[in-house]
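Student: Input: one structure, supplied below.
Residue numbers (this note's numbering): 49 to 327.
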């Protein structure tokens, strides 16, 4: 790892790459991963740009769980990550992008040596709660008209469908899958995922609500992640006309429905009932 160590200024411990859709718990899970770093030290490069060097293209950066200024870190990464120490966990995250995306043969992490990556992590969330959370988030933004936010959501659903394809093929492709819904509800599941990633069991709690993306779309004042009703978002939006329209359209997408039948059959059944006017 000499080249990577030269750039970081420290020899990293495990190098992990994380993939997830917006509003799927990416930052909650990233925080949990870094809290359980084997050495205690961690570097989290958040929302890296696909097709570019992640050590230069991160949108935000955390060292040992604390967010630090981006501009100085890009200018002198080694100085910025020095507090993480030798053996620090390095976590690279990509948002709304996946290993299944076609980039014309360009590696997602550009010249970064992918042989150094110990685990590829794919985060996924049930469709009803994910779509409800993303729509609610955009409804709170005055810059998003009804047409614009629904265009964004429909395009995101296309990417979501490909994510579910990764979930179906996870074991065959050597991916470590983390289902956000189960992760929130089951400490034993979280512990199993830590073991799968070779991480320490330092802190297996849900932690605090992360500030990225404005925190929760539904519970703005919540500070503890355990207080979030993440499994209720679909029910909370059940009477929203935009949400219902999105569900009806989604039920017409054969590719999405096939994936949901395999991964989230209850969500698939709800969409079919919605399309028939029974939900």
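Yeah, the Cβ is synthetic: ideal placement off N, Cα and C, and Gly gets one too.
Going by alpha carbons, who is nearest to residue 308 out of 69, 208, 199?
Tutor: 208
Student: So, does the region 169-188 touch the region 116-123, judging by three or more C-beta pairs under 8 Å?
Tutor: no
Student: With C-beta atoms as the reference, is residue 191 less than 8 Å away from residue 294?
Tutor: no
Student: Quick check: the region 120-131 against the region 64-77, are at least 3 beta-carbon pairs closer than 8 Å?
Tutor: Result no; under three Cβ-Cβ pairs closer than 8 Å.
Student: Can you tell me whether residue 287 is helix, strand or coil according to DSSP?
Tutor: coil
Student: What residue range does the beta strand (DSSP E) around residue 108 cover?
Tutor: 108-111
Student: Closest by CA to residue 323, which one among 306, 311, 312, 301?
Tutor: 301
Student: Are the beta-carbon atoms of residue 305 and residue 204 separated by less than 8 Å?
Tutor: no
Student: For a quick check, are the C-beta atoms of residue 171 and residue 228 less than 8 Å apart?
Tutor: In contact: residue 171 and residue 228 (Cβ atoms closer than 8 Å).
Student: Mind pulling the beta strand (DSSP E) runs of 3 or more residues that sit fully within the region 153-181?
Tutor: 167-172
Student: Is residue 146 helix, strand or coil by DSSP?
Tutor: coil
Student: Name the residue from 95, 158, 99 whose alpha carbon lies nearest to the alpha carbon of residue 109.
Tutor: 95
Student: With a CB to CB cut of under 7 Å and the five nearest residues on each side skipped, what residues in its chain are close to residue 316?
Tutor: Contacts found: 305, 308, 309.
Student: Within its chain, find whatever has a CB closer than 6 Å to the CB of residue 186; leave out the 5 residues flanking it on each side and keep chain order.
Tutor: 192, 197
Student: Could you pull the start and end residues of the beta strand (DSSP E) that residue 114 belongs to?
Tutor: 114-116
Student: Name the two residues that bound the continuous alpha helix (DSSP H) containing residue 50.
Tutor: For residue 50, the uninterrupted alpha helix (DSSP H) segment begins and ends at 50-56.
Student: Going by DSSP, what residues sit across from residue 87 in a beta bridge?
Tutor: DSSP links residue 87 through a beta bridge to no other residue.
Student: Does DSSP put residue 5 in a helix, in a strand, or in coil?
Tutor: The first residue shown for the chain is 49 and the last is 327, placing residue 5 beyond what the model contains.
Student: Where does residue 219 land, buried or exposed, given buried means 16+ other C-beta within 10 angstroms?
Tutor: Label assigned to residue 219: exposed.
Student: So, are the CB atoms of residue 111 and residue 57 less than 8 Å apart?
Tutor: no
Student: Closest by CA to residue 66, which one among 162, 174, 296?
Tutor: For the residues 162, 174, 296, the minimum Cα distance to residue 66 belongs to 162.
Student: Which residue's Cα is closest to the Cα of residue 213: 133, 250, 303?
Tutor: Closest by alpha carbon: 303.
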